[in-house]
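These notes are about the structure you will find just below.
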Ligand SMILES: Nc1ncnc2c1ncn2[C@@H]1O[C@H](COP(=O)(O)OP(=O)(O)OP(=O)(O)O)[C@@H](O)[C@H]1O
Ligand SMILES: [Mg+2]
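Residue numbers (our numbering), protein chains in the order written: chain Y, 15 to 234; chain H, 944 to 1244.
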């Protein structure tokens, strides 16, 4: 489903975040991405969602050359991807439920259906009591769960999660990972960048380690 | 399926944004209203002047002054010429009658009383069949060459000059209106630009989770069109106030000239056209502004 061939990403300024990465992820796989801070985990995820473009090499998603997509085509690619951002990227001018409904709005969902779906997923991440609240008033962990809810609400075929449990205590981290496992079991492809070893050992799956932009498979 | 829903959603969002900032909405509408009201006032003023011009003797007349020494045969020949079918009407004004009319005219009685003899010539007032400028001039020229005619005078001349001046004025209105349309686009673009920048985060996040440029642009376009519409309403308000202030003095002046002239208000069609145009130009300004801002916002990420 996801394919990297000889992908190098150099940011303006010259820093090479990824060096000649080769990688293949099949549909339905659960993949953990680990590595030190600055290793290039976020960069790798951004390349898949066409948020960044490779300096050289080719990234394909379901056969599409992601790095060559036009501005017009990019939105339709992203609608099939659930994105959990390391910095959450919530909107503080609207309520929790409106944040979660944004992807459905964008996709043109009927409002009543959208509310129903948003409610269900907000309930799953344990924020139903706060659905009318402004995200500003949420704790770091709650904001993270909100971001996860927004990524899951459109039931994407691919979930890219950047440190989804970074701010969560063990209980919530386990809940979120259990959610991810459920999605994995119904066939969703997941790529999760994390420092959380407990999560990895709990879920199993494949693990890739990045080290200064170079990638290696970690034996199970 | 989502198209109508998206439109409705964008319209609601735009209305919400207008309401969220009533002061800047109002100020922008006022700026637009004042800008549009300038060409609109000129347009209406010209329409009113045109009405004045239209109330002038509709049929232009040629005055034919006879030579005081003209022979009776010449006079008879002139009278015969004026019976021909290209002349609709011809009225002879004897010199005594002309002097009597002059004496009767206010303020001129003293002058005519002081005259020892009548200085006025006999005259014909002629209304030709044709009314076009060229044929009038041709008829006047021909009559002027008749023996015994001292002078002809085409009374429509000043009305023609007024019409010519009005034509310049109308061209001026369109020129001015074009300039102010550009101003309108600039005002709208500026207002929308501020809105876009205030919503940078929303735009960025929406793009990240799959919003098209069209989706992002739509509420801003509605916003521009609504803002333009409010500007149009403000302009009509300015016109209504100007009309209310000017009506009494203008009608007093008209009464002094013995005219029943009334200020013409804009017609519903004209009002509709102003509103449609301001909405359209607000939309264009918003489109330019948001398209440009979209590129900048993305580049600055
Ligand atoms: N927009 C950018 N411009 C320049 N350099 C960047 C940019 N984004 C990331 N980098 C650099 O690229 C390298 C990899 O960054 P990346 O965010 O992918 O690391 P990471 O593995 O996600 O780290 P962390 O665990 O701290 O999130 C870092 O050295 C970082 O400084
Ligand atoms: Mg990172």
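Positions of the beta carbon are idealized from the N, C-alpha and C atoms, including for glycine.
| Asked | Found |
| --- | --- |
| When 1085/H, 1158/H, 1208/H, 1187/H are compared against residue 1234/H, the one with the closest alpha-carbon | 1158/H |
| Cβ separation of residue 1092/H and residue 1010/H, assumed to be a contact under 8 angstroms, to the nearest whole Å | 7 angstroms |
| Near ligand 2: residue 56/Y beta-carbon under 7 angstroms from a heavy atom | yes |
| Cutoff 6 angstroms; reference residue 1193/H; Cβ partners in own chain excluding five residues on either side | 1206 |
| Alpha-carbon to alpha-carbon, residue 1227/H and residue 1164/H | 8 angstroms |
| beta-carbon residue 53/Y near ligand 1 non-hydrogen atom, thresh 7 angstroms | yes |
| Residue 176/Y Cβ short of 7 angstroms to ligand 2 heavy atom set | yes |
| Beta carbon proximity, residue 129/Y to chain H, threshold 8 angstroms | no |
| Chain Y contacts made by the region 1133-1163 of chain H, where a contact means CB separation under 7 angstroms | 1144, 1145, 1148, 1149, 1151, 1152, 1153, 1154, 1155, 1158 |
| Buried or exposed (CB count within 10 angstroms, at least 16 for buried), residue 1188/H | exposed |
| Neighbour flag for residue 103/Y against chain H, beta carbons, 8 angstroms | yes |
| Beta-carbon proximity of residue 1167/H to residue 1221/H, cut-off 8 angstroms | no |
| Whole-angstrom C-beta distance between residue 1038/H and residue 1064/H, which should lie under 8 angstroms | 6 angstroms |
| Minimum Cβ-Cβ distance from residue 155/Y to chain H less than 8 angstroms | no |
| Below-8 angstroms beta-carbon distance, residue 195/Y vs any chain H residue | no |
| Classification of residue 226/Y by the beta-carbon crowding that lies within 10 angstroms, buried from 16 upward | exposed |
| Within-8 angstroms CB hit, residue 1076/H to chain Y | no |
| CB contact below 8 angstroms: residue 65/Y versus chain H | yes |
| Within chain Y, the residues that residue 949/H reaches when beta carbons sit closer than 8 angstroms | 122 |
| Range of the contiguous alpha helix (DSSP H) that encloses residue 111/Y | 110-120 |
| Heavy atom of ligand 1 within 7 angstroms of residue 100/Y beta-carbon | yes |
| Against chain H: residues of the region 81-93 of chain Y by CB proximity under 9 angstroms | 85, 86, 88, 89, 90, 91, 92, 93 |
| Touch test, the region 48-56 of chain Y against the region 205-222 of chain Y, Cβ-Cβ under 8 angstroms, three pairs minimum | yes |
| Residue 107/Y in three-state terms, based on DSSP | coil |
| Collapsed DSSP secondary structure at residue 99/Y in the structure displayed | coil |
| Contact set for residue 1244/H: own chain, Cβ-Cβ below 6 angstroms, skip 5 residues either direction | The predicted position of residue 1244/H is uncertain, since its pLDDT is 49 and thus under 50; a value taken from the coordinates is nonetheless stated next. Counting only Cβ-Cβ distances below 6 angstroms, and skipping sequence neighbours, we find nothing. |
| Beta-carbon proximity check, residue 1229/H vs residue 1135/H, cutoff 8 angstroms | yes |
| DSSP-derived helix/strand/coil call for residue 1244/H | In this prediction, residue 1244/H has a pLDDT of 49, which is less than 50 and means its spatial position is unreliable; nothing more can be read from the coordinates. |
| Coil, strand or helix - residue 123/Y by DSSP | coil |
| contact_flag[the region 164-176 of chain Y, the region 76-95 of chain Y] where n(CB pairs < 8 angstroms) is 3 or more | yes |
| Members of the region 108-122 of chain Y near chain H, C-beta cut-off 8 angstroms | 116, 117, 119, 120, 121, 122 |
| Contact list for residue 952/H against chain Y, beta-carbon separation under 7 angstroms | 119 |
| CB contact flag (residue 120/Y, residue 75/Y, <8 angstroms) | no |
| Reduced DSSP category for residue 1060/H - H, G, I as helix; E, B as strand; rest coil | coil |
| Residue 1237/H beta carbon less than 8 angstroms from that of residue 1156/H | yes |
| Pick from 177/Y, 201/Y, 162/Y that is closest to residue 214/Y, judged by C-alpha positions | 177/Y |
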